[in-house]
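**Q** Please see the structure below; I have some questions.
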Amino acid sequence: MSGLLVVWESRDVFLWGAANTLSLVLSCLLLSIPLGILSAIVLTEATAPLRRLLAEVVDLLRCVPFLLLAYVIYYGLPEIGLRLDPWWAGLVSLTVYTTAYLAEIFRAAFLAVARDNIEAAHAFGLSRLLLYRRIILPQVAIMAAPVIGNQVITTIRDSALLMIITVQELTFAANFVSANHFTPFAPFAAAISLYLLMSFAVEEGVRRMERIRTVRYG
Amino acid sequence: MTWPALRTILDGAVVTAALAAVSILLSLPLGLLLALLRWRRIPMVAGVLAAFVSVVRATPFVTLVLFVFFILPSAGLELEPVPAAILALTLNTAAFSSEIWRSALQTFPRDQLEAATAFGLSERATFTRIVFPQIWRANLGPLVSEVTILLKCTPAVAVIGVVEITRAAGRVGAETYEPLPPFLVATLIYTALIATLVRGQRVVERRIARRFGWVRP
Numbered sequence: 000m001s002g003l004l005v006v007w008e009s010r011d012v013f014l015w016g017a018a019n020t021l022s023l024v025l026s027c028l029l030l031s032i033p034l035g036i037l038s039a040i041v042l043t044e045a046t047a048p049l050r051r052l053l054a055e056v057v058d059l060l061r062c063v064p065f066l067l068l069a070y071v072i073y074y075g076l077p078e079i080g081l082r083l084d085p086w087w088a089g090l091v092s093l094t095v096y097t098t099a100y101l102a103e104i105f106r107a108a109f110l111a112v113a114r115d116n117i118e119a120a121h122a123f124g125l126s127r128l129l130l131y132r133r134i135i136l137p138q139v140a141i142m143a144a145p146v147i148g149n150q151v152i153t154t155i156r157d158s159a160l161l162m163i164i165t166v167q168e169l170t171f172a173a174n175f176v177s178a179n180h181f182t183p184f185a186p187f188a189a190a191i192s193l194y195l196l197m198s199f200a201v202e203e204g205v206r207r208m209e210r211i212r213t214v215r216y217g
Numbered sequence: 000m001t002w003p004a005l006r007t008i009l010d011g012a013v014v015t016a017a018l019a020a021v022s023i024l025l026s027l028p029l030g031l032l033l034a035l036l037r038w039r040r041i042p043m044v045a046g047v048l049a050a051f052v053s054v055v056r057a058t059p060f061v062t063l064v065l066f067v068f069f070i071l072p073s074a075g076l077e078l079e080p081v082p083a084a085i086l087a088l089t090l091n092t093a094a095f096s097s098e099i100w101r102s103a104l105q106t107f108p109r110d111q112l113e114a115a116t117a118f119g120l121s122e123r124a125t126f127t128r129i130v131f132p133q134i135w136r137a138n139l140g141p142l143v144s145e146v147t148i149l150l151k152c153t154p155a156v157a158v159i160g161v162v163e164i165t166r167a168a169g170r171v172g173a174e175t176y177e178p179l180p181p182f183l184v185a186t187l188i189y190t191a192l193i194a195t196l197v198r199g200q201r202v203v204e205r206r207i208a209r210r211f212g213w214v215r216p
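Order-wise, the sequence lines are chains A and B. End of the first sequence sits at 217 in numbering that gives the first Met the number 0; the numbers just go up one at a time, nothing left out. End of the second sequence sits at 216 in numbering that gives the first Met the number 0; the numbers just go up one at a time, nothing left out.
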C-alpha cells in the first residue's frame, strides 16, 4: 500500500515524465510522418543515383540500435558545433530513426495502391501533387494504418531509451522515484500502466481507421 | 582510439553475442509454446497469455529490464545482472515471436490438418511432422527480423550494469573524454552483427528454395 502512496505523492514527477514522453513522441511524429512520406516519394520517383543513396541510408539506419544512434547524435552534434540539450538531441535521434522506418512503410504502401487508380488519375490529367494528395495518400492512410500504428508504439517504446541520455521521460521518472523511496514495484507498475494507456490510445486510433476502411471498401 | 580500448569494446561484443544467442535459444521455443497454448484455446490460460503479450508489447524494453532487475528481488528472486538481462530479453522476444507463430498457426491450411487426422496421426506427430516443418520455413523472414530487433534491444541491458558493447564503449569514452569514436565503433559492430544475420537468412532461404523448390509465402 505504501508503494501506491509514494506514487501518489510523487505524481508531479510522473506527470512531468509522461508529459515529456508524450511531447517527444508527438513532435517526432509531426516531423517524421511528412519526412517519411517525402522520403518514400523520393524512393519511388527519383532518378537511380539519388534513390539508391537514400535506400542505402534507410537500410543502414534500420541496422543500428536506437540507443547507439541517440548516443552518436548526443555526443556527435557538439563536435560539429551544435550543442543541444538532451530533450532536443532525443527528438532529433527519435525523428531520424522513425523516419527511416516510416519511409519503408510508406514505400510499401505506395506500391500497394492499385495501378489502375494511378493510370486513371494520369488520364484525367491530375498533376503529381494532386495525384498524391487526392488519390494515393488517402488510400495509404487507411490501408497502412495498422502498420503505422505498430511503428508509433515502437516509437513510444524507443523513447524510453532516451532516459540514458538523461531525458526526463516516464521511465526516468519511475526509476527516480523507485531509487529515492526504495519502493521498486509501484513506480514501475505505474509507468507500465501509463505506457499501456498510450498504446491503447494508438490501437483505438487504428481501429477507427479500420472502421473507415470497412465503410468505404466493405 | 588505442588497441586496449578496442579490445574492451570487442570483449563487450562477445558478451552481446552470447546474451543474444542464449536469449534466442530460449525465447523462440518459448514463443512457440505460448502460441501453441493460445492455439488450443484453453479458457483462463488463453486470456492470461493474451494479457501478458499485450503488456509486454506496450512496455518499453528498458522499463522491462529495470522491472525485472529491481522487482524480482522483492519477490524473493535475487538475480545477477546477466541472468536478469537474459530473462528480460527472453520475456520480450517470446511475447513478440509468439505473435508470429500464432499467426502462422492460424493461417495453417485446414485440409492438411484434416488429412493428418484422417491418416490417424497423433496430435504430436501432426505437429512435428506436418505443421512445424512448414511454419518455420514460411516464417523465417519475420523470425529473423525479430532476432535483429532482439539484438537492437541489447544495449538497454547496459542500464543494469551488464558490460556489453554499449557499456564498454561508454567506459572507453569516459576514460578518454572522447565519447564519439567508441560509440561509432560500437555502431559499426552492431551493424556488422545484424547484417551478418540478415545475410544468413538469405543463405538459409536459398537452401530451402533449392531443397523444397518452393516456400509458402
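We put the beta carbon where it would ideally sit given N, CA and C, even for glycine.
Would a check of beta-carbon distances place residue 194/B closer than 8 Å to chain A?
**A** So yes, residue 194/B belongs to the interface.
**Q** Is DSSP giving residue 203/A helix, strand or coil here?
**A** If DSSP states are grouped into helix, strand and coil, residue 203/A belongs with the helices.
**Q** So is residue 82/B in contact with chain A if we call contact Cβ pairs under 8 Å?
**A** So, not an interface residue.
**Q** Can you pull the chain A residues whose beta carbon is under 7 Å from the beta carbon of residue 60/B, in chain order?
**A** Ordered by position in chain A, the residues that pass the 7 Å Cβ test against residue 60/B are 156.
**Q** Along chain B, in chain order, which residues have C-beta atoms closer than 8 Å to that of residue 173/A?
**A** Result: 62 and 65.
**Q** Please report the residue range of the alpha helix (DSSP H) in which residue 142/A lies.
**A** Counting along the chain, the alpha helix (DSSP H) containing residue 142/A begins and ends at 136 to 142.
**Q** What are the boundary residues of the alpha helix (DSSP H) that residue 9/A is part of?
**A** Segment: none, residue 9/A is in no alpha helix (DSSP H) and carries neither H nor E.
**Q** Please check if any C-beta of chain B sits within less than 8 Å of the C-beta of residue 71/A.
**A** For residue 71/A, the answer is yes, since a Cβ of chain B falls inside 8 Å of its Cβ.
**Q** Flag residue 216/B as yes if its beta-carbon sits less than 8 Å from any beta-carbon of chain A, otherwise no.
**A** Because residue 216/B carries a pLDDT of 46, less than 50, the predicted location of this residue cannot be relied on, and the following value inherits that uncertainty. Answer no: the Cβ-Cβ gap between residue 216/B and chain A never drops below 8 Å.
**Q** On the CB-based measure, 16 or more other CB atoms within 10 Å of its CB, does residue 144/A come out buried or exposed?
**A** Looking at its Cβ environment, which holds 16 or more other Cβ atoms inside 10 Å, residue 144/A is buried.
**Q** Cα-Cα, which of 169/B, 113/B and 86/B is closest to residue 20/B?
**A** Looking at the Cα atoms, 86/B is the closest of the given residues.
**Q** Listed from N- to C-terminal order along the chain, which residues in the segment 161 to 195 of chain B have their beta-carbon within a distance smaller than 7 Å of any beta-carbon of chain A?
**A** So the close ones are 165, 178, 179, 182, 183, 185, 186, 189, 190, 193 and 194.
**Q** Do the CB positions of residue 169/A and residue 94/A come within less than 8 Å of each other?
**A** Cβ atoms of residue 169/A and residue 94/A: not closer than 8 Å.
**Q** Are the segment 9 to 16 of chain A and the segment 170 to 188 of chain A touching, with three or more C-beta to C-beta distances below 8 Å?
**A** Segments in contact, yes.
**Q** Which same chain residues end up closer than 8 Å to residue 4/B when comparing Cβ atoms and leaving out the 5 residues on each side of it in sequence?
**A** Closer than 8 Å at the Cβ level, and outside the excluded window around residue 4/B, lie 171, 174, 175 and 181.
**Q** Using only the alpha-carbon positions, how far apart do residue 88/B and residue 150/B sit?
**A** The straight-line gap from Cα to Cα measures roughly 9 Å.
**Q** Among 46/A, 154/A, 127/A and 45/A, which has the Cα closest to the Cα of residue 99/A?
**A** Measuring from the Cα of residue 99/A, the nearest candidate turns out to be 154/A.
**Q** Closest to residue 103/B by C-alpha separation, out of 137/B, 90/B, 93/B and 207/B, would be which residue?
**A** It is 137/B whose Cα lies nearest to the Cα of residue 103/B.
**Q** How many angstroms separate the CA atom of residue 169/B from the CA atom of residue 63/A?
**A** Each residue's Cα considered, the two are about 17 Å apart.
**Q** Counting only beta-carbon atoms, is residue 13/A nearer than 8 Å to chain B?
**A** By this cut-off, residue 13/A is not an interface position.
**Q** Considering only C-alpha positions, which residue in the set 188/A, 216/A and 162/A is nearest to residue 66/A?
**A** It is 162/A.
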